[in-house]
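Inspection log for the structure reproduced underneath, given as structure tokens.
Protein chains: 2
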Amino acid sequence: MNNNLRILPLGGLGEIGKNMMAIEYGDEIILIDAGIMFPENDMLGIDTIIPDYKYLLDKLDRVQAVLITHGHEDHVGAIGHLMRDVDAPIYATPLTRGLVEVKLRRAKLLQDVELVTIQAEGTYQIGSFTIEPFRVTHSIPDCVGFGITTPAGLIVHTGDYKFDQTPIDGRPSDFARLAEFSRRGVLALLADSTNADRPGWTGSEAIIQDAFDKLFREAQGRIIVATFASIISRIQLVADMAARYGRKLAITGRSMRDNAKMARKLGYLNIPEEMLIDIDQVANYPNHEICIMATGTQGEPSAVMGRLARGRHRRLRIKKGDTVVFSAHAIPGNEEVVYRTINRLFQRGAHVLYEKIANVHVSGHASQEEMKLMINLVRPKYLIPVHGELRHLKQHAELAKELGYSPNRIAVIENGTPVEFEGDKLIIHERMPGGYVFVDGAGVGDIGWSVVRERDQLAQNGFFMAVVTTNGRGDVIGQPDIISRGIIDMAESDDLIEGAKDTIARVVRQHGANRKPVDKPIRDALNRFVYAGTGKRPFVHVIVK
Amino acid sequence: MNNNLRILPLGGLGEIGKNMMAIEYGDEIILIDAGIMFPENDMLGIDTIIPDYKYLLDKLDRVQAVLITHGHEDHVGAIGHLMRDVDAPIYATPLTRGLVEVKLRRAKLLQDVELVTIQAEGTYQIGSFTIEPFRVTHSIPDCVGFGITTPAGLIVHTGDYKFDQTPIDGRPSDFARLAEFSRRGVLALLADSTNADRPGWTGSEAIIQDAFDKLFREAQGRIIVATFASIISRIQLVADMAARYGRKLAITGRSMRDNAKMARKLGYLNIPEEMLIDIDQVANYPNHEICIMATGTQGEPSAVMGRLARGRHRRLRIKKGDTVVFSAHAIPGNEEVVYRTINRLFQRGAHVLYEKIANVHVSGHASQEEMKLMINLVRPKYLIPVHGELRHLKQHAELAKELGYSPNRIAVIENGTPVEFEGDKLIIHERMPGGYVFVDGAGVGDIGWSVVRERDQLAQNGFFMAVVTTNGRGDVIGQPDIISRGIIDMAESDDLIEGAKDTIARVVRQHGANRKPVDKPIRDALNRFVYAGTGKRPFVHVIVK
């Protein structure tokens with residue numbers, strides 16, 4: 001047992017300290033968030049990635065609580081996985097709790113997990129930790145950070161935040177509580193670094209109201225707005241505009257519909273019942289009385305916008321005169337497919353507005369001036385930049401240096417790197433082995449980089465296989481079976497197959513007398529033959545019967 | 001034979017009218033540029049893409065000339081392919097000609113192709129076309145657009161341009177010639193749309209001098225600057241800084257070294273011989289006397305920066321104190337791998353500067369105000385936005401409308417869509433079938449989407465194959481051979497293989513008496529078995545002997 005305070009970011013992949021964080025003192029651990037990450041383009045076949053919490057597996061009895069900052073996927077998406085292992089209550093504000101319940105229900109764990117509803121102004125004792133949530137503004141309501149008073153000192157964890165002075169729900173960040181923390185003295189601030197490379201202030205959600213008002217005023221045809229399923233405040237904004245300009249609202253895409261339903265039930269989304277219509281009813285109204293909200297801002301082929309772009313939506317078809325709005329940011333790695341989706345919507349006759357050409361989206365994360373304000377508000381002894389790629393954390397550290405923080409008061413760490421406080425001295429430990437856990441089909445953590453590399457080789461070069469029967473005296477019996485995929489068009493493959501058969505016959509003749517093994521010589525010869533003919537190096541496999 | 005003027009953008013994939021353009025009148029055709037495109041992330045295994053010029057194949061005798069605007073890959077990269085089919089002279093300015101020669105030499109065509117060196121101020125008669133190049137500023141010297149006087153009217157093609165008033169080589173765009181075209185009356189302007197979504201003016205190459213001056217002044221250790229191999233002006237800028245601050249310069253990465261050598265020979269790059277050192281000599285000098293220029297700004301794993309980031313460069317290793325500069329823009333689709341490379345360089349202890357956090361790169365393309373200026377300078381009857389994705393062309397059209405152009409004076413067309421002028425009336429024809437031509441290994445155009453889709457299936461799900469020998473009476477003889485790749489880790493695959501064998505034995509017992517074919521029942525059963533065990537749907541193939 002260690003009587004120092006330890007802070008350990010778990011999770012992996014670029015986004016450091018975002019998806020899960022462990023705070024440990026004595027024999028008590030609290031966890032903050034349990035989010036998923038999205039696979040990068042070269043992580044072939046991977047569905048999602050969850051934090052690697054192997055470190056916790058022999059300490060599960062010590063986990064006292066899971067605190068959730070807000071209901072976005074990268075903060076709650078892995079809760080269904082985590083709660084199979086962890087037996088501790090989840091603490092969340094009402095809307096966040098609603099979103100967590102949806103996850104637990106899908107994981108068939110809702111009955112087994114204790115959920116504690118917290119209020120942003122409350123104070124909660126969990127073991128020897130005192131938890132004080134504080135309201136922050138982001139792109140979903142009911143978002144909090146946490147003040148965590150430990151026997152070793154006060155830790156402040158911002159969660160995702162920006163300082164929006166005019167948020168859609170009228171509830172700005174809780175500056176008073178942040179100032180109160182500062183007055184008491186803060187040992188360490190763990191602060192969101194997502195936009196550390198953006199100068200200035202992030203715009204308020206209110207500024208996009210103007211852009212939406214203009215487009216609702218001017219659009220003659222239908223208006224189709226795509227955004228993230230969980231940006232409740234954006235759904236509210238669009239619903240308000242639809243009401244103002246006399247349009248019915250249809251919400252489509254399962255996740256958005258579920259979230260909207262839950263948020264309405266809990267009172268976080270205010271849409272009059274008579275305004276809402278089903279997507280099937282859209283055709284019953286004139287174009288200028290229709291507004292549709294949909295999923296698919298990242299160009300996902302199976303989401304609504306992806307299907308509309310390819311003309312594959314069963315109940316809706318883009319037509320000339322439609323105004324389509326991408327009210328979201330293209331996540332790095334998705335730009336290509338997002339822009340392809342936008343181009344296809346233009347091709348189908350829609351007028352498309354997106355972040356680059358219209359103010360239809362603002363970030364939910366603090367920019368540089370807000371990050372400086374947060375540091376100056378909280379005045380921690382130590383800054384631990386979290387939520388971002390390493391380059392963002394480094395830049396966050398640069399900002400703190402501009403405020404006079406010396407490098408030894410800033411800990412830029414990666415996931416899996418424990419930070420420990422001996423008294424108020426900060427020690428950075430060696431990074432622990434581990435990384436991400438791939439979720440792939442039915443498997444969680446069953447596959448690793450070696451399989452992804454196999455897939456990559458198949459993806460780049462395909463495979464080529466031959467099943468050969470020989471008589472052990474230098475003759476091929478019958479015709480070899482040859483199967484290939486992903487090398488060249490089937491229509492062009494006759495020459496390749498005939499040539500491969502000749503190659504096999506030649507090798508068997510040369511090497512196959514006296515029952516000598518010929519699989520390796522055949523494989524080598526086929527490798528050379530396929531490369532000479534196609535320039536490709538597929539996975540070649542030979543079975544000799 | 002058609003006595004109307006026709007304009008036809010060839011090429012494909014997002015970037016419209018960029019890689020090749022055909023101008024046709026009577027029985028004469030001239031081509032502008034022959035560039036390559038880079039495959040998108042989901043075009044698995046594809047090396048590059050070249051324009052689809054099937055349309056020309058039965059008209060090759062009519063091609064009078066190939067005009068080249070400048071020496072970047074997306075404008076000259078396919079010249080080695082094109083000149084295997086086309087027998088016509090290439091017209092290019094001296095530096096561009098040098099870069100074209102490199103391509104032709106690699107394609108073993110240098111002896112067979114006539115090259116005509118043109119000057120930016122000259123006038124050239126080619127058949128019934130009068131060609132007047134005009135100087136434009138971009139990110140490579142010796143860059144031109146073309147005025148093309150045809151019997152039907154004057155066409156102006158901007159090529160890639162921005163209006164840089166303080167270019168590194170001291171030669172601004174030729175406003176006089178543009179004004180002269182305007183005076184004569186321009187039928188159609190074909191203008192670069194790349195940055196149509198950027199407001200304002202693109203910064204001059206000169207503004208990044210300040211950022212470089214600051215970093216050269218402050219850096220204590222080595223400076224490593226990565227940029228595109230063909231941005232000669234950036235190489236000049238960095239060389240000037242190295243000279244100013246007493247650093248030796250090593251240029252590494254084959255393409256950059258080749259380009260620099262050629263540009264120095266032709267007088268477009270001015271670096272004193274005694275300043276240049278080989279990468280192997282770097283260790284002979286103190287850190288603060290070293291500057292290295294390298295390739296790999298797009299995170300390409302085999303280029304210098306990619307190898308340095310992974311610690312895989314044979315002659316150079318990143319060390320603490322190095323300043324690394326990414327002096328380039330991450331091309332959409334590459335952001336993820338670029339940022340991963342940057343993060344890894346940070347991990348290795350380098351301080352990394354890149355476009356988002358420092359002024360170390362400016363675009364080579366006009367922003368909105370420059371695009372408006374171009375239109376107002378040339379005052380064409382028709383605007384045909386080119387060089388961009390459809391969304392950029394649409395936005396370029398919006399800008400023209402702001403200048404008072406009515407929609408019927410703007411032709412937003414996609415590659416493969418011919419535009420024809422009947423007198424001065426513009427007609428947009430149906431888009432011709434065709435698309436991109438994939439270059440894949442040794443094949444050019446041999447493979448299409450079907451193979452890419454096969455690769456995608458393999459990449460997402462892998463494959464699973466079984467070779468089964470039966471006695472035709474319901475028994476399996478010996479052990480089936482089972483080969484799988486890309487499904488699960490080999491270490492975990494024993495259960496899968498054993499279960500598959502049981503499945504095969506069961507199906508053969510059930511279906512295989514009386515020599516009934518069992519391959520399809522086995523395949524169906526294996527499909528179900530693999531999906532139940534892994535959640536994956538690989539390509540399953542069964543051979544029954």
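So the protein sequences, as listed, match chains A and B.
FYI, the numbering for the first sequence is 1 to 545, going by our numbering.
FYI, the numbering for the second sequence is 1 to 545, going by our numbering.
Backbone N, C-alpha and C fix where the C-beta goes; we use that ideal spot for every residue, glycine too.
6 Å Cβ shell around residue i - same chain, five flanking residues per side excluded
i, result
"V540/A", "F464, R523, L526 and N527"
"P418/A", "R6, L8 and H429"
8 Å Cβ cut-off: residues of chain A touching residue i
i, result
"Q479/B", "Residues of chain A passing the Cβ test: none, with the nearest at roughly 12 Å."
Short CB-CB distance (under 8 Å) between residue i and chain B
i, result
"V437/A", "no"
"Q347/A", "yes"
"F539/A", "yes"
"N41/A", "yes"
"V352/A", "yes"
"A442/A", "yes"
"D197/A", "yes"
Cβ shell of residue i (< 7 Å), same chain only, five flanking positions each side left out
i, result
"I497/B", "I482"
"G364/A", "H138, S139, D160 and K162"
"V412/A", "P385, L393, K394 and A397"
"N415/B", "P9, L10, G11, G12, I16 and G17"
"R106/A", "G80"
Opposing strand residues paired with residue i [DSSP bridges]
i, result
"A188/B", "I155/B and Y382/B"
"S484/B", "F464/B"
"H351/A", "T323/A"
"D210/B", "Note: D210/B sits in no beta bridge, so no partner."
Proximity test, Cβ basis, 8 Å: residue i and chain A
i, result
"L178/B", "no"
"M465/B", "yes"
"T534/B", "yes"
"D164/B", "no"
"Q220/B", "no"
"A309/B", "no"
"E369/B", "no"
"K551/B", "Since the first residue shown for chain B is 1 and the last is 545, residue 551/B is missing from the structure and cannot be characterised."
"E492/B", "yes"
8 Å Cβ cutoff met for residue i and residue j
i, j, result
"K546/A", "A303/A", "This structure leaves residue 546/A out entirely; chain A is present only between 1 and 545."
"Y25/A", "L5/A", "yes"
"V116/A", "I79/A", "no"
"I357/A", "L383/A", "no"
"G499/B", "G533/B", "yes"
"L390/A", "N334/B", "no"
"P51/A", "A65/A", "no"
"V360/B", "I208/B", "yes"
"V439/B", "P9/B", "no"
"P538/A", "G462/A", "yes"
"A283/B", "D322/B", "no"
"A226/A", "M305/A", "yes"
Per-residue contacts from residue i into chain B (C-beta, under 8 Å)
i, result
"A459/A", "L44, G45, R455, D456, L458 and A459"
"E335/A", "P332, G333 and E335"
"L395/A", "Residue 395/A is actually Gln in this sequence, not Leu. Residues of chain B passing the Cβ test: I357."
Per-residue contacts from residue i into chain A (C-beta, under 7 Å)
i, result
"P389/B", "The residue asked about is misnamed: residue 389/B is Glu in this sequence, not Pro. By Cβ distance, chain A contributes Y339 and N343."
"G35/B", "Per Cβ cutoff of 7 Å: no residues; G35/B is ~19 Å from chain A at best."
Listed by chain order, chain B residues near residue i by CB distance under 9 Å
i, result
"R485/A", "V451, E454, R455, Q457, L458, F463, F539 and H541"
Chain B contact residues for residue i, given Cβ-Cβ distances below 7 Å
i, result
"I447/A", "I488 and D489"
"K520/A", "Here the premise fails: no neighbours, minimum Cβ distance about 15 Å."
Sequence-distant residues of its chain with Cβ nearer than 8 Å to residue i (five each side left out)
i, result
"F175/B", "L377"
"K265/A", "G98"
Any non-hydrogen atom of the ligand PLP closer than 7 Å to residue i Cβ
i, result
"R344/A", "This structure lacks the ligand PLP, and indeed carries no ligand of any kind."
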